[in-house]
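Numbering (the working numbering), first residue to last: 42 to 681.
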């Protein structure tokens, strides 16, 4: 992460803000509402730089459209390609990436994206963007607007725009949506423009997180090693040893006196919905744990999934009427997890291992959520709260009160995140995960921006099923790179964890370096889940030293990224000093040296900083699953 300026002047050029108002006599939506259609060619004529218009009019485009929530696919779809369709081996998982409600007005063959989208053309090595951004929720003092869905028809060269407004009662003069349409010449112009659009609060959103260091946020969390199999002794041992070895958290944060998060993930609670300590695992309770973490000088963190419940939990048994149901009175399944739902029987009202969501329209549910956060923050003492599976708050059901899911979601997240300091005046941060992007960025300035990573490159059967929300190092990095232009603009991007360990892992050192650099260069949080008690000096120590050395070299420099293909990327610093290639593909990637060095740099030499490539004449061949970065020198001189 690095700071930069610019963007405001760009928005006065090749851009337009458009408001869409409801002009009818009043009606209630039973499905999504289409509010606009654009001809892509007309938009090219209005917003693309004049010298590039002919090319863009005559050629196909790469498409970027964010998923509706953070586990959706976050990369580009190449020219001439369609989005991959999920084969529903697990039906409940489809809603992880499919916008909720009934869709109308967008073709089934359309390329679908939400919130922010762009079309990109490569015009002789020059990347030109046509972007559409939903900006109606930028103003925090107004009522929430429904999230926007874009549908792009390649053949018709048309963009249909709709809102997820199922259940909303419209009145004349209501605002349906607000779009900002603009053209951008290159990655940094795109990012600067997006930053200007979403910096509506003069930095207040991100400023609330300044107690975490004001730069890269970092620390340790328990999930990506032990997963839910945790207990007091294990967590205490990792807490004791975090500052005793040269692990990446100690080197990057603790040794420099920077704030350090120590976050306990899933596995501490009695059940999903029963948010109290499992005394068989944490006999001293959560207050004692938070106190122990704080006493070491760390920011105590805790995972919660406040909108979802296991039907077998004591909470669910006592509050059946709080569970969202459909019009037939059947509980609405939010997803599937073998640990969070019975396989069948009286305590499984849906498909096997389903879990369920709360009815956020109920005042007593909002009161419960407020009391839950009061307990976690004020009674127990946690100050970094990871709130997960938030998408469940946007699912459609037969609510106790009339209204649309996005309206109830907005009220609920305001309740959840209203404590920005605790009673002692200490800062409180919230990390959103599995959250609907558009209706969350105000409440959750720090957010996961992709599916969970994994201690393995990919999961073969889930990849074959085209499941975009799968836990996967590969899929996670696709989204981190795809959302790079959001970082420091829409969110402080959380890319998930890095790995250094040599046990209980299937990643090579080359892949670990790739993950670490992608996270460091294109996001704002650096978390680590390896056991510091098991730190291997001979192997992990050397790898950590190498990676931290690279962090030191690239620290404070802003990097951009553009797709060469859906799995290959050109990487470049804003100051022009560094360029490189990321190859997420499973095959070697060949690229001309002058292409790596950048357009118009025939006299440039490439000095390797980190390289996983071999040279063949005027070309370089980049290894699969690798990153290579070079210092660009012109006529033997370093670019400043």
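Where is the CB? At the ideal position from N, CA and C, for every residue including glycine.
Bridge partners - residue i, DSSP secondary structure assignment
i	result
residue 477	110
residue 197	Answer is none; residue 197 lacks a bridge partner.
residue 226	169
residue 555	Note: residue 555 sits in no beta bridge, so no partner.
residue 342	304 and 425
residue 216	62
residue 669	622
residue 366	372
residue 631	662
residue 592	DSSP, once it has assigned bridges, lists no residue as partnering residue 592.
residue 68	211
residue 500	In the DSSP output, where bridge partners are listed per residue, residue 500 has none listed.
residue 603	611
Residues of its chain near residue i, where Cβ-Cβ distance is below 8 Å and the 5 sequence neighbours each way are ignored
i	result
residue 476	110, 111, 428, 431, 432, 485, 488 and 489
residue 151	192, 193, 194 and 201
residue 63	211, 212, 213, 214, 215, 216 and 217
residue 76	61, 202, 203, 204, 217 and 218
residue 13	The question about residue 13 has no answer, for the chain in this structure spans 42 to 681.
residue 379	394
residue 249	461, 468, 470 and 486
residue 57	87, 88, 221, 222 and 223
residue 144	72, 73, 190 and 203
Exposure of residue i, with buried meaning 16 or more beta-carbon neighbours within 10 Å
i	result
residue 268	exposed
residue 257	buried
residue 502	exposed
residue 300	buried
residue 176	buried
residue 520	buried
residue 67	exposed
residue 542	buried
residue 74	buried
residue 451	buried
residue 479	buried
residue 578	exposed
residue 189	buried
residue 370	exposed
residue 645	buried
residue 129	exposed
residue 297	exposed
residue 648	exposed
residue 123	exposed
residue 44	Residue confidence for residue 44 is low, a pLDDT of 40 falling below 50, so the modelled location carries little weight; the figure read from the coordinates is stated next. Result: exposed.
residue 385	exposed
residue 667	buried
Rounded Cβ spacing between residue i and residue j (contact assumed at less than 8 Å)
i	j	result
residue 457	residue 347	6 Å
residue 568	residue 259	6 Å
residue 185	residue 448	6 Å
residue 530	residue 239	5 Å
residue 11	residue 522	For residue 11 there is no data in the structure shown, the boundaries of the chain being 42 and 681.
residue 400	residue 445	Wrong, their Cβ atoms sit about 13 Å apart, outside the cutoff.
residue 540	residue 553	5 Å
residue 550	residue 517	Rounded, the Cβ-Cβ distance is 18 Å, inconsistent with contact.
Chain-order list of residues whose beta-carbon lies under 7 Å from that of residue i (same chain, five-residue window excluded)
i	result
residue 80	198 and 199
residue 605	611
residue 314	350, 351, 354, 356 and 357
Own chain residues within Cβ distance below 6 Å of residue i, not counting five before or after
i	result
residue 561	592
residue 499	513 and 515
residue 636	none
residue 47	Its pLDDT being 43, under 50, residue 47 is placed unreliably by the model, and the measurement read from it follows with that caveat. These residues qualify, in order along the chain: 233.
residue 317	311
residue 114	108 and 509
residue 388	352 and 353
residue 506	128 and 130
residue 103	117, 119, 120 and 161
At least 3 beta-carbon pairs within less than 8 Å: the region 82-100 vs the region 232-245: Verdict: no, contact absent.
Contact between the region 590-608 and the region 555-568 (3+ Cβ pairs under 8 Å): Short answer: they touch.
Three-pair Cβ contact test at 8 Å for the region 148-166 versus the region 208-224: These segments do not touch.
Stretch pair the region 433-443 + the region 199-210: three plus CB contacts closer than 8 Å: Contact annotation: the region 433-443 touches the region 199-210, with at least three C-beta pairs closer than 8 Å.
Validate contact between the region 279-287 and the region 568-579 using beta carbons, cut 8 Å, 3 pairs: Yes, they touch.
Inter-stretch contact at 8 Å, needing at least 3 Cβ pairs: the region 153-160 / the region 452-466: Taking a contact to require three or more Cβ pairs closer than 8 Å, the region 153-160 and the region 452-466 do not qualify as touching.
Cβ pair count under 8 Å reaching 3, the region 335-352 against the region 302-317: Short answer: they touch.
Three CB pairs or more closer than 8 Å across the region 316-336 and the region 360-374: Taking 8 Å as the limit for Cβ pairs, the verdict is that the region 360-374 does not touch the region 316-336.
Cβ pair count under 8 Å reaching 3, the region 581-588 against the region 618-637: Touching, no, given that fewer than three Cβ pairs across the two stretches are closer than 8 Å.
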